[in-house]
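In UniProt numbering, the protein residues as written are 1 to 1064.
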């Protein structure tokens, strides 16, 4: 047996014999070998079924037995491959979830998603009852912080029951289980089994050894299904009738195998107006299209081949008899004679009866080709979809609506409201299939609200079998894709039910499918007649083809004028048709023939749809103005391609920063106006735009459309919102994968990532530069109100922006530091030089470089010190406590100072090592140390020679963790954009005040010398009276200011050290 589990495969035609066990996961070769052992090949695939499930006790999964038997081999193979990835603890958690009352793991698809959702539950495998749960939370979880002597007075069983009730946990054979609060991630559920796990492939049938080398005969591409008529041996009609009735009963009992049941429903879809008995008889004998001997000859001009045996079905054969019956009056009551007894009369009555007759399948005949079968197949076009859905609405006994449905359901029939709800945003095909399924529920399973017991209502499994069977048959009738339908569960449903009950359900299914198909055919015919009437009265029309092209045709003096457009509404070809005698549809078909267009017409465009197409075609075929290559040193420009807003002109060009602001103003105004009472204007003002720019040195452009009134704000924000939405939208992902494939989806994902991580930050930085330039230019225009130093500064800002734009267009997102106002004030420069000279002198006196001196807080080196940090006692740090460093890294976690509290600090004696510190704080705690013994996950920070180093207490020794002290760097262009946005205020406003800098110095923070010099200068300029530069006193030394700040700080009482109780 395999490490996971095994299933037993059997052949229905060999029941009673042992099957073969197949270990999962498996391969195509292994399953073919197993199928050969039980006599299953491509000739008899319907004989295969799953009859058993086995796994070693310690590795067994608690998957319901019937769920295994009702699944397909491919589904179970994929499940086994997914569950192989689970650890022993995760397997136990899965078993607990499977055993939980009202388990959410109610399908194979749901279980297949469990490996992606192991964090959906919290599992305590050793906890099996309230007492154990109470003890765990009280004494072992670390969540209850109280003195030990108090805990003895708590009833752990009562406490455990309280906890389980509060968090809605459950006790199972595999331990205690509670939801963690994480959302369930739906990954594989509802999706087809991936190709690499589809292993079920039936082997070719065995051949005789002597003929093994004979080349096989050439087979036609599609071989018709073989007809196997029932051979009746009865001597008279009564015996033959009894014989075929018995065969029907046997056929019903054998019907509920997935493949046979599906074949029966397919037959029923073709012969929906036949009785249940005849439908089943035709399916049992392999009929595809049947008719009587004479009908083949007279109607279709085909003859039955010699030697063919007829397919046996039942035909009405009523007979008449004379019977004495009571006389009835007009009200239907018996007429009494003089003796008070009912009067009688002799009447001829018809007795219903049936006889066995023969019909023949088309494969048993030869002659003239058959005309096309008149089935209204749905081609998948938009027009067909609209007509079909309208026909469904007309055929439904209750209203149909769309809404957002939580939980993954496609739709539902609301019993009390008598309405059908369908999930919005699905594909057209899925929408139609869901509607048919729910209409079947509405027709078959509506309830009487006044009957509280609902005695006549079938059980839920029967209701689903009936609704799904009706949906399959109707979809088959109209040519819709039914490949996703699976009826593996019908064997389990039919097991143990009486023959009469099964036959009644099948008759209900047939009758409902026939009724729905008949109603749909009637409504579709009415809709098509209406469209043909509209088309005959039209003077122009467009035919949308299923290859994406569109033919527009209109009447003219000589006949018809036509033009063919591609999917982008660009004109491809055209001409005139000198045939005024043709109808518009016939002229359209003739034009398609001349243009050699073989694609089918998917939709006929009339009315508003035709007007919308013509407008789009006119815009698409306008001769565009030549696109000017953008200046590589300039800000991007935005061109208005067209707009519904009267505030913009088509073809208008504006800088990106201006367009960004204008779009935001127009969006806000439209969004505000339409919410006002009495507003009668349009809901949106659609605006198409093009951005021309140079990115990474290459000219490029971006086209899009923003709908003013949507509330998306600026142009750049709209582009960001648009791509963020589609990057996360599962419906869009499924659409691309289904229609274009995996490679197209990967390309789509990469393009959106580039837009969000590079293009959007690039646009934002350009807007930031423009804001700096506009502010500086505005200040320069008021030249009489600014000093010469300020004028020089603002001119430098303008030059800075002009220098940065080409850098940004070349892909350099980390721009140089912008100019500062202090750089243009000579007195500040002089003071800066004085300060720098003083610092250099003091650094030299301390035997340090200027950089080392600054890093040491402008202090000579003193005795080192150390600090001990321990994790906060919070739920958020639970997964970090006592974890070795390598396990943290494997889990993707970092040693973050935000999770820690400093519990102790002391001077560092010369020669003291980390191991000395570890020994001291485990064996001989200082009296003032309030933390727990130094343990794994604690951090020791050493302060030596002006440098700080952090060391993680590991399971063996210490691990240096520089990330503990490091601030997060600006790693992306987006963060660089935020930095540049914040830079504007620093560039265009004065430096911090002297008071703010003094406060920072008092708090022990480092301060910028340039900021301090600028603040002193600003403080000096505060008085109204101007000072003479020659009489100006010398600025105070930076040493004097820092010393003063530290003296002030030393007057404050030292902060109390934080303490932490010992963690259990």
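All C-beta atoms, glycine included, are put in the ideal place defined by N, C-alpha and C.
Under a 10 Å Cβ-count criterion, residue 296 is classified as buried, with 16 or more other Cβ atoms of the shown protein chains found around its own Cβ. In the DSSP annotation of this structure, the continuous segment of the alpha helix (DSSP H) that includes residue 739 starts and ends at 730-739. In this chain, the alpha helix (DSSP H) harbouring residue 752 covers 742-754.
In the same chain as residue 308, and ignoring 5 residues on each side of it, the C-beta atoms closer than 7 Å to its own belong to 360, 364, in chain order. Sorting 305, 345, 332 by C-alpha distance to the C-alpha of residue 324 places 345 at the top. Counting along the chain, the unbroken beta strand (DSSP E) around residue 958 starts and ends at 958-960. When secondary structure is reduced to three states using DSSP, residue 334 falls in the strand class.
Classified as buried, residue 917 has 16 or more neighbouring CB atoms from the shown chains inside 10 Å of its CB. DSSP places residue 571 outside any alpha helix (DSSP H); the residue lies instead in the beta strand (DSSP E), whose first and last residues are 571-577. Assignment of residue 655 by DSSP, reduced to helix, strand and coil, places it in the strand class. A check of alpha carbon separations from residue 875 across 388, 141, 889 identifies 141 as the nearest. Put simply, the backbone Cα of residue 278 is about 6 Å away from that of residue 314. Contiguous beta strand (DSSP E) elements confined to the UniProt domain "YodL-like" (866-964) occur at 900-907, 939-944, 947-953, 958-960, taking only those with 3 or more residues. When the Cα atoms are used, residue 824 and residue 852 turn out to be separated by approximately 29 Å.
Here residue 175 has 92, 96, 123, 124, 125, 126, 127, 128 as same chain residues with Cβ atoms under 7 Å from its own Cβ, once five neighbours each way along the sequence are excluded. Taking the CA atoms as reference points, residue 368 sits about 12 Å from residue 298. Taking the Cβ atoms as the reference, residue 566 lies roughly 19 Å from residue 593, outside the contact range of under 8 Å.
Note that the segment 392-411 touches the segment 516-526; at least 3 beta-carbon pairs, one per stretch, sit closer than 8 Å.
DSSP, read as helix, strand or coil, puts residue 550 in strand. In this model, residue 798 and residue 639 are separated by some 25 Å (Cα to Cα).
Beta-carbon to beta-carbon, residue 720 and residue 756 are separated by about 7 Å, close enough to satisfy the 8 Å threshold. For residue 619, the closest C-alpha among the options 769, 902, 571 is that of 571.
Selection 803, 826, 303, 716 evaluated against residue 790 yields 826 as nearest (Cα-Cα). Using a C-beta cut-off of 8 Å, the segment 21-38 makes no contact with the segment 103-116, since fewer than three inter-stretch Cβ pairs fall below that distance. When C-beta atoms of the segment 66-79 are compared with those of the segment 47-58, three or more pairs fall below 8 Å, so the two segments count as touching. Counting along the chain, the unbroken alpha helix (DSSP H) around residue 761 starts and ends at 760-781.
In the three-state reduction of the DSSP assignment, residue 723 falls in the helix class. About 5 Å separates the CB atoms of residue 539 and residue 555; that is less than 8 Å, so the two are in contact.
By the CB criterion at 8 Å, residue 396 and residue 432 fall outside the cutoff. Membership of residue 852 in the alpha helix (DSSP H) is indicated by the continuous run 850-855. Separation of residue 311 and residue 514 (C-alpha to C-alpha, rounded to the nearest whole angstrom) is 22 Å.
Annotation for residue 590: the continuous alpha helix (DSSP H) segment containing it runs 584-594.
Taken atom to atom, the span from the alpha-carbon of residue 603 to that of residue 543 is near 6 Å. Note on geometry: alpha-carbon atoms of residue 54 and residue 162 lie some 39 Å from one another. Counting only the Cα atoms, residue 740 lies some 17 Å from residue 192. The alpha-carbon of residue 40 is positioned some 11 Å away from that of residue 19.
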